[in-house]
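In the order they appear, the protein sequences are chains A and B.
According to the numbering used here, the first sequence is numbered sequentially starting from 980.
According to the numbering used here, the second sequence is numbered sequentially starting from -2.
Presented below is the structure to which this report refers.
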Amino acid sequence: MENAYLELVNKAQEPRGAELRIEALSKSYDGRTVLDSVNLDIAAGEFVAVVGRSGCGKSTLLRLIAELDQADAGEIHANNADGAKPQMRIMFQDARLLPWKRVLQNVALGLPRFSAAPGEALAKVGLQARAGDWPAVLSGGQKQRVALARALVHDPQLLLLDEPLGALDALTRIEMQQLIESLWLQRRFTAVLVTHDVQEAVALADRVILIEQGRIALDQAVSLPRPRARGLAAFARLEQTILDRLLQPLPDQPGSSNRAYA
Amino acid sequence: MKQKSSWREQALSWAVPLALLAAWQASSQLGWLSSRILPEPLAVAKAFWSLTMSGELWLHLKISLWRATAGLALGGGAGLALGLFCGSFKIAETLLDTTLQMIRNIPALALIPLVILWFGIDEWSKLFLLAVGVFFPMYLNTFHGIRNIDRGLLEMARSYGLSGWPLYRDVILPGAMPSILVGVRFSLGLVWVLLIVAETISAQSGIGYMTMNAREFMQTDVVLLGILLYAFLGKAADVASRLLERRCLRWHPSYL
């Protein structure tokens, strides 16, 4: 198991994901500023985790990248190495499987008929045997694995993850994290993971971004070697640093530029 | 083991109706019950047999079934089409929904005098009445079904590149299906009620006509047979709609 993983890390391909450049991105809902002129560059094949308190704007950032919402100002440039627009897929907190389609047909959504790819994608997440089941009989973790297969079957250059593991139990969550990491190592797409779980962010990401009151408050590189054991002192130290920063009390005046703590 | 007890329960649940039937037959035979008020069950069975043999029953049954089917197809089809239309296009809703909601408040049966003036008492009057009656349950439930599709699923499907007809076929239509089938069930229940009234008031054929005609000749056994036939048809329609639901909603947690 461990050896197979190391092999995966060593064999990891050249990054072939999309490059992402976000410039002065702003978004407000009903006069409340959610994102305030955010700048962020993400390299091709990088795994970036975005953490923050609830309502800090991290999900909004992801929805803007996914083109589910329109920004008020600023620009997002997503490009492949050849300059083309990347294939982009998103995983949501709820699996959002179509309940009236069997598991395999859910994975095949948006693909031409009689493609072999959905079956292969399902095998990659270990759910080949459930191909003919209705989504309603799957557990929460299995549903998210199907959603992951559905996202990866399109071989996206950019995978956006909007707290996809938030609703899972602790054990299933760790399994899913390992699955996502190994698939990322195999395919080297660019990944942006929004999460409220700092440990998850440190376990998976090359870089952890902390968003606070619509701005990037911390940009922390994570250089721990993979696979990352949660028990390591360096892991725990990094997790603590980010958590401490996250838990700092906010200034009273929302949106005030007077950031004494920065 | 479980099979056996459920078989016994089934037998037990039929005990009361059978006992009632026996008591009814006995009281008729003993002269406690005048045949003018209620004929004995055996007489109803005999009436059924003789009307079946003469072909008369089949004739009336056929025309009633045809009316129900045609009325359902016309009214239900129009309700489904307009429901899909108004549910899918905002402009259609703005244009039509208020009008339809106003017309909805008119009970279909209140239209009878007007319908007779318009169409006389020929086939069209009955079809019109049935169609108007079943239109609204179909329209309302279809519209409601489309409007209440999970926004998250729509958002997901769009971000996975679905739009136009594939989006409609794979997401919107199946998402609205449970509600549409509720409309079908309502309509199926309603169509018999409307048919009874329509056939009783003005008809030269059909089960309602057969029943009203028998009333004039004091044939209580035939009257009772007509009532039982309506009950049977209503039940058959209900069973059919349940089967349809089972088939179309196989994926639904309540059928898994």
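All residues carry an ideal CB built from backbone N, CA and C; glycine is no exception.
Per DSSP, what kind of secondary structure is residue i in: helix, strand or coil?
| i | result |
| --- | --- |
| A12(B) | helix |
| R247(B) | coil |
| L1140(A) | strand |
| V179(B) | helix |
| T1039(A) | helix |
| A1196(A) | strand |
| R1186(A) | strand |
| E1191(A) | strand |
| V1104(A) | coil |
| Q1178(A) | helix |
| V1132(A) | coil |
| L151(B) | helix |
| M215(B) | coil |
| L253(B) | coil |
| G28(B) | coil |
| G1062(A) | coil |
| E1046(A) | coil |
| A1215(A) | helix |
| W63(B) | helix |
Cutting at 7 Å between CB atoms, please list the residues of its own chain near residue i, excluding the five before and the five after it.
| i | result |
| --- | --- |
| L1147(A) | G1119, G1120, Q1123 and M1155 |
| L221(B) | P36 and V41 |
| S1033(A) | H1175 |
| D1025(A) | Before going on, a small fix: residue 1025(A) reads as Glu here, not Asp. Excluding positions up to five away in sequence, the list reads T1169, D1185 and R1186. |
| F140(B) | G80, C83 and G84 |
| I193(B) | G205 and Y227 |
| Y1240(A) | At Y1240(A), the pLDDT of 41 sits below 50, so the modelled position is not reliable and the matter cannot be decided from this model. |
| L1222(A) | V1177 |
| V1013(A) | K1006, S1007, G1036, T1039 and G1193 |
Below 8 Å between beta carbons: does that hold for residue i and residue j?
| i | j | result |
| --- | --- | --- |
| L71(B) | A128(B) | yes |
| A105(B) | L137(B) | no |
| C245(B) | L178(B) | yes |
| V1269(A) | K1037(A) | It is not possible to answer for residue 1269(A), since the shown part of chain A is limited to 980 through 1241. |
| Y254(B) | R239(B) | No statement about residue 254(B) is possible, as the shown extent of chain B runs from -2 to 253 and does not include it. |
| P250(B) | W1079(A) | no |
| A1126(A) | R1075(A) | yes |
| L124(B) | G68(B) | yes |
| P134(B) | G74(B) | no |
| L54(B) | L62(B) | no |
| L1139(A) | I1055(A) | no |
| L1229(A) | Q1199(A) | no |
| E1160(A) | L1183(A) | yes |
| L1158(A) | G1031(A) | no |
| R1000(A) | D1020(A) | yes |
| A1053(A) | L1004(A) | The displayed chain sequence assigns Gly, not Ala, to residue 1053(A). Against a cut-off of 8 Å, the Cβ pair of L1004(A) and G1053(A) comes out as a contact. |
| L1117(A) | R1109(A) | yes |
Less than 8 Å between C-beta atoms, sequence neighbours within five positions excluded: which residues of the same chain meet that for residue i?
| i | result |
| --- | --- |
| G223(B) | I204, G205, M207, T208 and A211 |
| D167(B) | A154 and L159 |
| L191(B) | G68, A105, L106, L126, L127, G130 and V131 |
| L58(B) | I204 and L226 |
| L1047(A) | I1069 |
| L56(B) | S202 |
| S24(B) | L30 |
Run through the DSSP bridge pairs and tell me what residue i is partnered with.
| i | result |
| --- | --- |
| Y1008(A) | R1011(A) |
| H1056(A) | R1000(A) |
| D1020(A) | R1000(A) |
| V188(B) | Answer is none; V188(B) lacks a bridge partner. |
| L1172(A) | A1028(A) and L1140(A) |
| M1070(A) | L1140(A) |
For residue i, which residues of its own chain have a beta-carbon under 6 Å away from its beta-carbon, when the five flanking residues on both sides are left out?
| i | result |
| --- | --- |
| Q1136(A) | G996, A997, N1059, P1065, Q1066 and F1168 |
| L151(B) | none |
| L187(B) | G130 and V131 |
| P1097(A) | L1083, V1086, A1087 and V1132 |
| A234(B) | L185 |
| V1173(A) | V1029, K1037, S1038, L1041, D1141 and E1142 |
| E196(B) | G203, G205 and Y206 |
| L925(A) | Residue 925(A) is absent from the structure shown; chain A starts at 980 and stops at 1241. |
| T1151(A) | G1120 |
| L93(B) | C83 |
| E90(B) | C83 |
| Q1107(A) | L1101 |
Under 9 Å (Cβ pairs) to chain B, residues found in the segment 1087 to 1116 of chain A: L1088, G1089, W1113, P1114, A1115 and V1116
Contact residues within the segment 1047 to 1063 of chain A, judged by C-beta distance below 7 Å to chain B: L1047
Taking beta-carbon pairs under 7 Å, can you tell me which members of the segment 224 to 248 of chain B lie near chain E? Going by chain labels, chain E is absent from the structure shown, which instead holds the protein chains A and B.
In the segment 146 to 160 of chain B, which residues sit with their C-beta less than 9 Å from some C-beta in chain A, listed in chain order? D147, G149, L150, E152, M153, A154, R155, S156, Y157, G158 and L159
Please list the residues of the segment 166 to 194 of chain B that have a C-beta atom closer than 9 Å to any C-beta atom in chain A, keeping them in chain order. D167, V168, P171, G172 and M174
If the cut-off is 9 Å on Cβ atoms, which residues from the segment 74 to 89 of chain B count as contacting chain A, listed in chain order? none
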